[in-house]
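Taken in sequence, the protein lines are chains Z, H and D. Start counting the first sequence at 1; every next residue gets the next number (the working numbering). Start counting the second sequence at 252; every next residue gets the next number (the working numbering). Start counting the third sequence at 565; every next residue gets the next number (the working numbering). Even for Gly, the Cβ is constructed at its ideal location relative to N, Cα and C. The structure presented is a predicted model; accordingly, all values stated were derived computationally and were not measured. Have a look at the structure below, then the notes.
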Amino acid sequence: MPPEPLLTVRGLSKTFHRRRRWGAQAPGVTALDDVSFTLNRGRTLAIVGPSGSGKSTLARCLAGLETPTSGEIRFAGAPVEMQLIFQQPAASLNPRFIAAEVVEEPLVIQGRGSRADRRRKAELVLEKVGLPASVLDRRSHLLSGGEKQRLAIARALLVEPKLIILDESLVGLDVSLQHQVATLLTDLQSRLGVAYILISHDLDLAAGLASEIAVMDHGRIVEQALAARLKATASHPLTRELIAAAEVLAT
Amino acid sequence: MRYLARRLLHGAFLLVGVSVLSFLFSDLAPGDFYSELQADPRVSAATLAALRAQNGLDRPLPVRYATWLRSVGRGDFGYSLAYQGPVGPLLAQRIPGTLLLTGLATALGWLLSVPLGIWSAARRRSWPEASLKVILSVLLSIPELLMAIVLLALAVQTGCLPAGGLHSPGHADTLDALRHLVIPVTTLTLGLLPILVRHVRSAVSEALDAPFALAAAAHGIPRRRLLFRHVLPVALNPLISLFGLSLGTLLSGSLLVEVLTGWPGLGPLFLDAIFARDYAVVLGVVMASTSFLIAGNLAADVLLYRADPRIRG
Amino acid sequence: MPAVGSIRVALALLIPMHGAVLFAGFFAPYDYAEQHRDYPYAPPTRIHFKPLPYVYGLTGDYQEDPTRVYALRFFAGGRFFGTDPPGHVFLLGTDGYGRDILSRVLYGGRISLATGLVATAWALAIGLLWGVTAGFFGGRLDAVMMRGAELFLALPWLYLLLAVRAFLPLHISPVQAFLLLVAIIGSVGWVRPARLVRGLTLSLVERPYVEAARAFGGRPLYLIRRHILPETKGLLLTQATILIPYYILAEVTLTFLGLGVGEPVPSWGGMLAEARQYHSLVAHLWMLTPGAATFLTLLGYVHLAEVLQDSRDPIR
């Protein structure tokens, strides 16, 4: 019997309504339309699509920041074991905090352990993402982009998540940094068995990291295949556009 | 049009809300109009109870509110126990006084501050402008209370102006009334000036620095034309809003000045009613002042609507 | 004017004023209730230097009597300055009961300044609570709270102040009056800080780091305490400098009108009410000094507010 999938999403839909004072409800914007997929432990699923395709909404629904209008999300773990890494590393860290406060925040919220305990755990997790412990005492807004992103990942790792959703998290990093972070992610996956959902508009990047790719357009999943076989089996026009675009950039 | 209808509705909501809150508050108040009588040993408890019942003071809150609403509909606005008559005529008697003061102060204030503000914006960072800033700061720090007293002291010392009231005994003509107006209006205007000049200056300043103004200047449009035909209309927008905002300050100032100089407006009526616990009059004045504020803001909204095409579109 | 210089001017006005008032017991030559029935409405005593300061005794019609000389003493009897009886030094004259005006201005300042400061703290506390709650929880709660707050803006502030005062007991002890005044005055003017705090909260709530904390299981109280409140400090400070002078003036006005803290506690408003009488305006202008004290205090705060405002968004 194969193990239960880590994440099962069935028929997920989300419509946003504009708030009106009086009068009939304004017609809503459908961000997600009957999205379904599964993800197994330790695997990486990439969700690719143009802006406005609903990728971020999907990420937020999964992370519990938005309530879906209908559908089901089944996660084989505690809510906190699913972590979300935002697009802009700078925005996801409170600029007034020092790095230690940023990383330790999940533990502070859960109220676990003493100060010394938390510090120790923070240092351990920093090691995993390749940051020196000295970073802990620096103000978060003074760190470089790459350091910030790694700090965000370290913070997510602190709670030992089973799934990390990366919402366009590699955008805005320069290529060498992208490579660094990508290597880190792969490394963590092999060592800790973390599953990833990688959200991106960049097909190449997705293909490099993911085992499976789903293409989204206007809130629906229009194509889904194993990464290695996507090029060969691409049938939806959008997929073909994305592939073509990626090839142009590659050459 | 829908915009204005919404503003009217909003105003109505405010009026209702204020009246309800006032009624609730008056219920919390310890004592009423007859509390003073209570201390008098000659007045028996039975008499007091009868008096209260006669004037409906013992009825429950919603009933009293409904009665008051009906009275508003008739134009009575409640019944004053101190004056033994409807509140409406009392208000009608005093409102013109307040309106006259605030109207004159507004007119004078704007008449003086617009040129001053424009001049100040056009001559930034020069020492005459800096000294104006200091004078205005000082003026802002002089409370109207003090200003009125100082002016009254001056009047009394020099004897050239009357020290209060509407008419001196023996005179009932317009000239006399005008002389009595000088101190109250001057006080209010001087209190208004610093606020207005500052805002006119910053509105014109911002408009002068805006890209469209810089472009126009680069095109060689002469300074005066630039100022009046291009910059002022843009600066008008925040100034119209300011009119609505400063109205509250003006009305409050007027209250104080009326009391200080004995000018027959809503102020003295209000104060007397408070000391007498004549809550009907208190409520009436509260509603009147709220209405003025709402009307003033509505007028500002209408002007804004006509002046700023962005709101219409 | 460079900002640093301006702050010094403002503080040069405010610190001595607050200091003198705070230590009124030391700086005032007399107690505030001490009456000198033989010297009602005495004009300010002139000080002569020989080179040491001294004053003359006064005759019945307040002329100086050179035969009676009294040296000024410093640090005598726990007071900064004074003179030996039967001499008197009324630097700012006396009132109808022969009470030293300077002493009463110093002691009286306590009520006015204390009311201003405490009422500001009260109003900012309400504004902070209201604004953060409305901004954080948003939606219906926000709409209801802000609509409710608007009712407090529907009246001109003095009308609101007096109306609230009207519905509360008229004859109360000074302590009760003080607390009541603080509550009433604070109820006028908490709305603007509340709005500003709400705006700030609304923008902060959407920041990713707040959402991240929420995703970790952060409860509203934690999020507010850790991520939102620290950002409000600057805002509250500027609002404080704007509200304090407003509230000092409100107390002075209320007491002047007879609705504030009453006798025997002195206050600037009460003293101005005495000065307002016709015969005082004619002949006893020194009674207006509480007005000067109010003016100087307001000037200091207005200046401070301007400096803080300029430093936050510099006017071109």
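Within the 7 Å Cβ cut-off, does A99/Z reach chain D?
By this cut-off, A99/Z is not an interface position.
In chain order, what residues of the same chain lie with their CB nearer than 6 Å to the CB of F638/D, ignoring the 5 residues before and after it?
F645
Just to confirm the assignment, what range does the alpha helix (DSSP H) spanning I120/Z have?
The question names Ile, but residue 120/Z is Arg in the sequence shown. It spans R115 to K128 - the alpha helix (DSSP H) in which R120/Z sits, taken as one unbroken run.
Which residue marks the beginning of the alpha helix (DSSP H) containing Y865/D, and which one marks its end?
T853 to R876
Starting from V825/D, trace the alpha helix (DSSP H) in both directions and tell me its first and last residue.
Boundaries cannot be given for V825/D, as no alpha helix (DSSP H) includes it and DSSP labels it neither H nor E.
Are the beta-carbon atoms of A214/Z and F37/Z separated by less than 7 Å?
yes
In the DSSP assignment, find the alpha helix (DSSP H) that holds V48/Z and state where it starts and stops.
Secondary structure note for V48/Z: it is in no alpha helix (DSSP H), and the uninterrupted beta strand (DSSP E) holding it is T44 to V48.
With a threshold of 8 Å, are at least 3 pairs of Cβ atoms found where one atom belongs to the stretch 735 to 744 of chain D and the other to the stretch 763 to 782 of chain D?
These segments do not touch.
Should F632/D and G621/D be called a contact, given that it needs their Cβ atoms to be closer than 7 Å?
One point to set straight first is that residue 632/D is Arg, not Phe, in the sequence displayed. Taking a C-beta distance under 7 Å as the contact criterion, R632/D and G621/D qualify as a contact pair.
Is C411/H buried or exposed, if buried means 16 or more other CB atoms sit within 10 Å of its CB?
exposed
Looking only at C-alpha atoms, which of V532/H, R561/H, A550/H and L554/H sits nearest to R345/H?
Checking every option, the nearest Cα to that of R345/H belongs to V532/H.
Considering just the uninterrupted stretch of the beta strand (DSSP E) at V29/Z, what are its terminal residues?
V29 to L39
Should the stretch 503 to 523 of chain H be regarded as contacting the stretch 480 to 492 of chain H, the criterion being three or more beta carbon pairs within less than 8 Å?
no
Mind listing the chain H neighbours of P630/D? Cutoff is C-beta to C-beta under 9 Å, in chain order.
Neighbours of P630/D on chain H: none; closest Cβ ~30 Å, over 9 Å.
Look at the Cβ atom of L12/Z, then the Cβ atom of E212/Z, and state whether they are nearer than 7 Å.
no
Run the CB neighbour count on I386/H, radius 10 Å, all protein chains shown included, and call it buried at 16 or more, exposed below.
exposed
Please report how far the alpha carbon of R74/Z lies from the alpha carbon of L7/Z, in whole angstroms.
6 Å
Determine the closest residue to A839/D out of R778/D, G660/D and P794/D, with distance taken between C-alpha atoms.
G660/D
P809/D and V669/D look like a contact to me (Cβ under 8 Å); what is the Cβ gap, rounded to whole Å?
That pair is no contact at about 18 Å.
Assign S540/H to one of two classes, buried (16 or more other C-beta atoms within 10 Å of its C-beta) or exposed (fewer than that).
buried
Give the single residue among F731/D, L666/D and L722/D whose Cα lies nearest to the Cα of L275/H.
F731/D
Measuring alpha carbon to alpha carbon, tell me which of P3/Z, A152/Z and D202/Z ends up nearest S51/Z.
D202/Z
Hey, L396/H and T817/D: beta-carbon distance below 7 Å or not?
yes
Who are A640/D's beta bridge partners in DSSP?
R643/D
In whole angstroms, give me the CA-to-CA distance for L868/D and I571/D.
6 Å
Taking Cβ positions, are P27/Z and E81/Z nearer each other than 7 Å?
no
Under three-state DSSP, which class holds A78/Z?
coil
Measure the C-alpha to C-alpha separation of G77/Z and G64/Z and round it to an integer number of angstroms.
14 Å
Express the C-alpha separation of S453/H and S114/Z in angstroms, rounding to a whole number.
54 Å
Drop a sphere of 10 angstroms on the beta-carbon of P95/Z, count the other beta-carbons inside from all chains shown, and report buried for 16 or more, exposed for fewer.
exposed
What residue range is occupied by the uninterrupted alpha helix (DSSP H) comprising G11/Z?
Here G11/Z belongs to no alpha helix (DSSP H); instead the beta strand (DSSP E) covers L7 to F16.
Residues of chain H with CB closer than 8 Å to the CB of V866/D, please, in chain order.
S388, L391 and S392
Quick one: measure Cβ to Cβ for R258/H and L498/H, integer angstroms, because I've assumed they're closer than 8 Å.
That belief does not hold up - the Cβ atoms of R258/H and L498/H are roughly 15 Å apart, past 8 Å.
Measuring alpha carbon to alpha carbon, tell me which of A263/H, L342/H, L266/H and W361/H ends up nearest G442/H.
W361/H
Determine the chain H residues that contact F859/D at a beta-carbon separation under 9 Å, and present them in chain order.
V389, S392, I393, P394 and L397
DSSP three-state label for E72/Z, please.
strand
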